[in-house]
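Note that the UniProt record's numbering has the sequence shown beginning at 1, numbered continuously upward. We treat Cβ as the ideally placed atom computed from N, Cα and C, and that holds for glycine. All values derive from a computational prediction rather than experimental measurement. Encoded as C-alpha cells, the structure appears first; notes follow it.
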Amino acid sequence: MDEIKKDLQNPSKATHQDYFGRTITYICIAFVGLLVISILYFITTRGIATFTANHVSLWKFLSGTNWNPGLLDKHGNPQIGALPMIVTSFSVTILAAVVATPFALGVALFMTEIAPEKGTKILQPVIELLVGIPSVVYGFIGLSVIVPLIRHAFGGTGFGILAGTLVLFVRVLPTITSLSVDSIKAVPMFYRSASLALGATRWQTIYKVVLRAATPGILTAVIFGMSRAFGEALAVQMVIGNAVLMPHGLLTPSSTLTSQLTTGIGNTTMGTLPNNALWSLALILLLMSLVFNILVRFIGKKGSLKK
1 MDEIKKDLQN PSKATHQDYF GRTITYICIA FVGLLVISIL YFITTRGIAT
51 FTANHVSLWK FLSGTNWNPG LLDKHGNPQI GALPMIVTSF SVTILAAVVA
101 TPFALGVALF MTEIAPEKGT KILQPVIELL VGIPSVVYGF IGLSVIVPLI
151 RHAFGGTGFG ILAGTLVLFV RVLPTITSLS VDSIKAVPMF YRSASLALGA
201 TRWQTIYKVV LRAATPGILT AVIFGMSRAF GEALAVQMVI GNAVLMPHGL
251 LTPSSTLTSQ LTTGIGNTTM GTLPNNALWS LALILLLMSL VFNILVRFIG
301 KKGSLKK
C-alpha cells in the first residue's frame, strides 16, 4: 500500500512533460514580449530625439511641407515638414483599399458561394502566387508597364499616387481576399438555409444575410490590407516618384513615409538631425501600425458581441 501511495503521489512522466512544455511556452512568450518591447523602446527613443535633443517643434514637423533636414529655412529652423509624406501615405493606402475591396469581395464570394469547389481549385493557387511574389517584382512591373501606360494616357512623367495605388492594389488584393474568404466561410450554414427557406433568392441570401453576417470579418480584412499597404516600401518607391512634394492630384510625383525612409536612411549619420528625423518617420509608421491593430481588435470585439 505504501508503494502504491508513493507512486500515486509522485509526479508521473506525463506530468513532467507537461511542466516542461509549459516552461518552454512561457519562455517563448517572454522572449516575444521582450522583443516587442525592445523594438518599441528603440524606435520610440530614436523617434522622439528630433523633438527632445534637436528641439524641433512637433507641430512644425507634422504640418510643415518642406523636407530638407540638411538645410535651414530663413528663420533658422530645419526643414523637416513631414506632411507631404503623411498625406501621400494615407492617399495611396486608402485608394488601394477602395480599389481592391470590390475585387477581393467578388473573388471571395465566387470561391465560397457561387462555385466553391471550382473557385477554390482555380483561384486559390493564383492568390498564393500573388502573395509569394517579392515586392521588387511588383515594383519592376509597375515601373515597366504601369508608369509608361499612365504617361501615355494622361501625360506627365507617369510617376505618382495613381501608379503607387495600382501597384498597392495588387499587393493588398491577396490579403483582403484570403481574410474575406475565411470570414464568409465562418458564417453558419443555417443562416443560408433559413434565408432560402423563407423564399429569398440566392443573391438576396448572399447580399442580405451572408455579407451582413461577415461584415466585421470583411472590415478586419480591409484594415489588414491597409496596414500592409501603409508599410509597403520597395514597390511604392519604384513608381511613386520619390519627390517630397505636397500632392495636388493623382499624377503628382510624391513620396511616402516608407519610400523616404528607404532612400534616405543610408545617406545619414546616426545621431544627427537628418537621421533623427527619419527615425521620427519610422515612429509615425509604428504608431499607425498600432492604430490599425487597435481597429482590428475593436471591430472583432463588436462583431463577436453582435453574434
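{"query": "Environment of residue 67 [buried if 16+ CB atoms lie within 10 Å]", "result": "buried"}
{"query": "Selection from 129, 246, 112 and 206 that minimises the alpha carbon distance to residue 171", "result": "129"}
{"query": "Proximity of residue 233 and residue 193 at Cβ, strictly below 9 angstroms", "result": "no"}
{"query": "Beta-carbon proximity list for residue 166, same chain, < 6 angstroms, skipping 5 on both sides", "result": "146"}
{"query": "Cβ pair residue 169, residue 99 closer than 9 angstroms", "result": "yes"}
{"query": "Contact between the stretch 82-97 and the stretch 198-208 (3+ Cβ pairs under 8 angstroms)", "result": "no"}
{"query": "Residue 42 to residue 202 span [Cα, whole Å]", "result": "53 angstroms"}
{"query": "Reduced DSSP secondary structure (H/G/I, E/B, other) of residue 68", "result": "strand"}
{"query": "Residue 48 (DSSP reduced to helix, strand or coil)", "result": "coil"}
{"query": "Neighbour-count burial assignment, residue 293, 16 or more Cβ in a 10 Å radius", "result": "exposed"}
{"query": "Bounding residues of the alpha helix (DSSP H) (the contiguous stretch that carries residue 141)", "result": "135-141"}
{"query": "Same chain, Cβ closer than 6 angstroms to residue 226, neighbours up to 5 away in sequence not counted", "result": "93 and 97"}
{"query": "Supposed close pair residue 77, residue 273 - CB separation, criterion 8 angstroms", "result": "Their Cβ separation, rounded to whole angstroms, is 11 angstroms, which puts residue 77 and residue 273 out of contact at 8 angstroms."}
{"query": "Simplified DSSP state of residue 253, which is helix, strand or coil", "result": "coil"}
{"query": "Delimiting residues of the beta strand (DSSP E) encompassing residue 150", "result": "Unbroken run through residue 150 is the alpha helix (DSSP H), 147-154; no beta strand (DSSP E)."}
{"query": "Between the CA atoms of residue 45 and residue 307 - distance to the nearest angstrom", "result": "Only weak support exists for where residue 307 lies, its pLDDT of 48 falling under 50; the coordinates are left without a value."}
{"query": "For residue 79: DSSP bridge partner residues", "result": "68"}
{"query": "Exposed unless 16 or more other CB atoms sit within 10 angstroms - verdict on residue 131", "result": "exposed"}
{"query": "Residue 127 versus residue 120 - alpha carbon distance", "result": "10 angstroms"}
{"query": "Whether residue 220 touches residue 179 by CB criterion (9 angstroms)", "result": "yes"}
{"query": "Simplified DSSP state of residue 241, which is helix, strand or coil", "result": "strand"}
{"query": "C-beta contact flag for residue 108 and residue 187 at 9 angstroms", "result": "no"}
{"query": "Which of helix, strand or coil DSSP assigns to residue 56", "result": "coil"}
{"query": "Straight-line Cα distance separating residue 48 from residue 101", "result": "36 angstroms"}
{"query": "Integer-rounded CB distance, given that residue 80 should sit under 8 angstroms from residue 51", "result": "Actually they do not touch by this definition, with Cβ atoms about 11 angstroms apart."}
{"query": "Unbroken stretches of the alpha helix (DSSP H), 4 residues or longer, contained in the stretch 170-198", "result": "189-197"}
{"query": "Proximity of residue 263 and residue 276 at Cβ, strictly below 9 angstroms", "result": "no"}
{"query": "Beta-carbon proximity list for residue 143, same chain, < 8 angstroms, skipping 5 on both sides", "result": "238 and 239"}
{"query": "Assumed close pair residue 251, residue 162 - CB separation to whole angstroms, cut-off 8 angstroms", "result": "6 angstroms"}
{"query": "Reduced DSSP category for residue 248 - H, G, I as helix; E, B as strand; rest coil", "result": "coil"}
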